[in-house]
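Everything in the sequence shown is counted per our numbering, starting at 4 for the first residue and increasing by one. Glycine included, each C-beta is placed from N, C-alpha and C at the ideal position. As the structure is a computational prediction, the values presented were derived from the model and not from experiment.
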Amino acid sequence: MTRTKPAWWQHVLAGIAVIVFVLSLWWMVGPNGRRAYLRRSLRPAAGFAKFTPPPAPDYTKTSAWAELPEVESYADLSPADLPLYKTPPADVFFVHPTTFLSRKGWNGPIDDAQAKRRVDHSVMKYQASAFRGCCRIFAPRYRQATLYFAIARNDDAWKALELAYSDVVRAFRHFLKSRNQGRPFFIAGHSQGSMHALRLLETFPDEGGWRKRLIAAYLVGINVPLDKFKRTIPWLHPCQSPTDTRCVVGWTTLGREADLRGWANVKVFYPKKGYEDSNKKPRLCTNPLTWKTDEALVKKDQHKGALPYGRGKTMTPLAPQLVEAACQKGALLISTPPPAFRRLMLRPHDYHVYDYSLFFADVWHNARLRMNTFLKKK
Numbered sequence: 004m005t006r007t008k009p010a011w012w013q014h015v016l017a018g019i020a021v022i023v024f025v026l027s028l029w030w031m032v033g034p035n036g037r038r039a040y041l042r043r044s045l046r047p048a049a050g051f052a053k054f055t056p057p058p059a060p061d062y063t064k065t066s067a068w069a070e071l072p073e074v075e076s077y078a079d080l081s082p083a084d085l086p087l088y089k090t091p092p093a094d095v096f097f098v099h100p101t102t103f104l105s106r107k108g109w110n111g112p113i114d115d116a117q118a119k120r121r122v123d124h125s126v127m128k129y130q131a132s133a134f135r136g137c138c139r140i141f142a143p144r145y146r147q148a149t150l151y152f153a154i155a156r157n158d159d160a161w162k163a164l165e166l167a168y169s170d171v172v173r174a175f176r177h178f179l180k181s182r183n184q185g186r187p188f189f190i191a192g193h194s195q196g197s198m199h200a201l202r203l204l205e206t207f208p209d210e211g212g213w214r215k216r217l218i219a220a221y222l223v224g225i226n227v228p229l230d231k232f233k234r235t236i237p238w239l240h241p242c243q244s245p246t247d248t249r250c251v252v253g254w255t256t257l258g259r260e261a262d263l264r265g266w267a268n269v270k271v272f273y274p275k276k277g278y279e280d281s282n283k284k285p286r287l288c289t290n291p292l293t294w295k296t297d298e299a300l301v302k303k304d305q306h307k308g309a310l311p312y313g314r315g316k317t318m319t320p321l322a323p324q325l326v327e328a329a330c331q332k333g334a335l336l337i338s339t340p341p342p343a344f345r346r347l348m349l350r351p352h353d354y355h356v357y358d359y360s361l362f363f364a365d366v367w368h369n370a371r372l373r374m375n376t377f378l379k380k381k
């Protein structure tokens, strides 16, 4: 008897069935089980003390940067119909999030193939490029802490972050001395990158008076306790309007159905003090639909546009009026977005990966507005 070769659609259905089965098991084991699995799969083989760090980047070389104005990259892309400057009046120093997921060490080399690809093809395209409407983009590669640091939250994790931050400091100093040329600029980042960006605001000396040239900081994807503005960055304040300058915006995107109990139970670094629990501290939340910090629910008609993920060196069309949003207990709670923005989630109702892309056009227009306001004041 001759066997019939399965049709292509049967292979597709079989693949979907496997994915559904694996995801079902993933959620059935519960948060503790998932955390245990991630610990086993991501934990470096030895402690930080036994780890030999990769070579330090040389920021005088273009290879140490994911984006420079003179080097072609995915950050040069932009969706159709968004305004551009032929010669951008400002700069942005953008610090990328965690893309090193290996167990090979506590910090990744800047030439790790997979981590580098994630930065170049995803972060530059869907995060850093949101500032292309106002700015030349400078995005350093650095020996980022492995993703396991966010799970471990121990002394080894803090040491890995220190090593990563030391690179960001050297990159920022090179940016100020050799690249920026006294222009106004933003500091921006996401996730681990925002943690390092915040520390720059807190601890980097005011060499050359760079603080007077800072338009604003976009610290997206982390918890920024409000007491930071009194204790460590008193020269800045939470942005209160779309045109506010010399201030900080930040949000962490969750679904309305998210369980907010303990979601921000992470330790936050304070210079000269170390790490402190932040769960009970009020946190910064900027609503990117209005650029205010109140808790008003903002309807979809004010959403300028999300940028769906796609492949290749082209941008997918913007998708406006997708979500409504409101700040609550330091988190940005949104209505459920389309499936295109629910594919990369480590836990239910957590849109961390899409913090920028969900509000891509909103960031684009706001950065231009803040820059123009700053230039007029100057």
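Taking the C-alpha atoms as reference points, what is the distance between Asp247 and Phe189? Cα to Cα, Asp247 sits roughly 13 angstroms from Phe189.
Spatial neighbours of Lys381 in its chain, beta-carbon cut-off 8 angstroms, leaving aside the 5 residues before and after: Pro187
Just to confirm my understanding: we take Ser44, look at its own chain, exclude 5 residues before and 5 after, and list those with CB closer than 8 angstroms. What are they? Arg106
Own chain, CB closer than 8 angstroms to Gly108, minus 5 neighbours either side, in chain order: Pro47, Phe54, Thr55, Pro56, Pro57 and Thr149
Just to confirm, are Pro228 and Arg286 a CB contact at a threshold of 8 angstroms? yes
Who are the Cβ neighbours of Tyr359 in its own chain at under 7 angstroms, not counting the five residues just before and after it? Tyr129, Gln130, Ala133, His193, Val223 and Val366
Pair every Cβ in the region 198 to 216 with every Cβ in the region 269 to 287, then say whether three or more of these pairs are closer than 8 angstroms. yes
Specify the secondary structure class of Asn268 as computed by DSSP and reduced to three states. When secondary structure is reduced to three states using DSSP, Asn268 falls in the coil class, being assigned neither helix nor strand.
List the whole-angstrom C-beta distance separating Pro341 from Leu325, where the pair is believed to meet the contact cut-off of C-beta under 8 angstroms. 7 angstroms
Going by CA-CA distance only, name the one from Ser66, Phe377 and Asn369 that's closest to Tyr221. Asn369
Take the Cβ of Leu378 as the centre, count every other Cβ of all protein chains shown within 10 Å, and call the residue buried at 16 or more, exposed below. That one is exposed.
When you compare the region 338 to 358 with the region 256 to 263, are there three or more beta-carbon pairs, one atom per stretch, that lie closer than 8 angstroms? yes
Cut-off 6 angstroms between Cβ atoms - residues of its own chain near Trp68, not counting five sequence neighbours on either side: Non-local C-beta neighbours of Trp68 in its own chain, meaning closer than 6 angstroms and more than five positions away in sequence, comprise Pro143, ordered along the chain.
Nearest to Gly315 by CA position, among Arg234, Ala155 and Asp79, is which residue? Asp79
Helix, strand or coil at Asn290 [DSSP, three-state]: Looking at Asn290 - three-state DSSP - the assignment turns out to be strand.
Since Gly196 is in the alpha helix (DSSP H), which residue starts that stretch and which ends it? Gln195 to Thr206
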